[in-house]
Structures are given as structure tokens and as C-alpha cells.
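Its first residue numbered 1, the sequence shown is counted upward by one per residue in full-length UniProt numbering.
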Amino acid sequence: MLGTFILVVCFFLAGLIWFFYHQGKKQKSNPPSRTQYAAHTQRRVLPPTSHMTGEAYGKLLRAAQGDRQQVELWIVEAQCNLTGRTRSEIIELLAKER
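Take a look at the structure:
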């Protein structure tokens with residue numbers, strides 16, 4: 001009885017070792033160069049960021065001492081207060097104020 005139990009446990013352990021050994025081989029066989037990461041994001045065209053390169057945005061950036069997060073905070077606050085205006089118009093208005 002004890003011998004049968006030990007034999008079953010040994011087969012079970014051998015099966016686990018075989019399983020994990022072959023799982024490691026499968027992961028190594030798939031090279032990272034063939035792996036596509038976030039394929040759905042690679043097909044989407046990004047809009048141009050012209051609103052971040054203009055003279056007005058540069059003035060805001062200088063006023064914020066290079067802190068883009070502060071500039072974006074100003075823009076978002078202005079968008080909440082000035083509804084019906086585009087982002088570019090708001091950037092120009094803020095640049096005139098600062």
C-alpha cells in the first residue's frame with residue numbers, strides 16, 4: 001500500500017516536472033521580434049499635434065517655466081469656463097493673458 005502511494009506520487013511529480021519543462025520551451029520558441037504588442041493601437045492614425053507647437057503654446061510653456069502639466073491644467077480650466085471655443089483659440093487667449 002505504501003509502495004503504491006510512493007509510486008503514484010513519483011509519477012505525479014515526474015508529470016509536473018515534464019509539464020513545466022515543456023511550458024518553458026514553448027515560451028522560448030516564440031521570439032520577441034515576432035510578438036505583436038497592442039496590434040489594435042498600431043493601426044490607428046494619430047492626429048497631428050500642431051496645437052502644441054505654435055507660438056502661443058510656447059509662450060504658455062515659458063510662463064509655466066517648462067511645466068507642460070501646468071499648461072494643460074490652464075487649458076482644461078479655460079475650456080471649462082469658455083465653452084464653445086476650440087483648443088487653439090483657448091491657447092491663444094491664454095497666451096495673450098500671460
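Ideal Cβ positions, reconstructed from N, Cα and C, are used throughout, including at glycine.
> By the 10 Å Cβ neighbour count, where 16 or more other Cβ atoms means buried, how is Ile-91 classified, buried or exposed?
Replying inline: A buried status is given to Ile-91, since no fewer than 16 other beta-carbon atoms sit within 10 Å of its beta-carbon.
>> Could you tell me the alpha carbon to alpha carbon distance between Thr-86 and Gln-65, rounded to whole angstroms?
In response: So the alpha carbons of these two residues sit roughly 24 Å apart.
> How close, in whole Å, do the beta carbons of Leu-60 and Trp-74 come, if the pair is a contact with beta carbons under 8 Å?
Replying inline: Confirmed, Cβ separation roughly 7 Å.
> DSSP three-state call for Thr-4: helix, strand or coil?
Replying inline: Residue state, collapsed to three classes: helix.
> Does DSSP put Ala-64 in a helix, a strand or coil?
Replying inline: DSSP, reduced to helix, strand and coil, places Ala-64 outside both helices and strands of the structure shown, so it counts as coil.
>> Does Tyr-21 pass the burial test, meaning 16 or more other C-beta atoms within 10 Å, or should it be called exposed?
In response: Tyr-21 should be labelled exposed.
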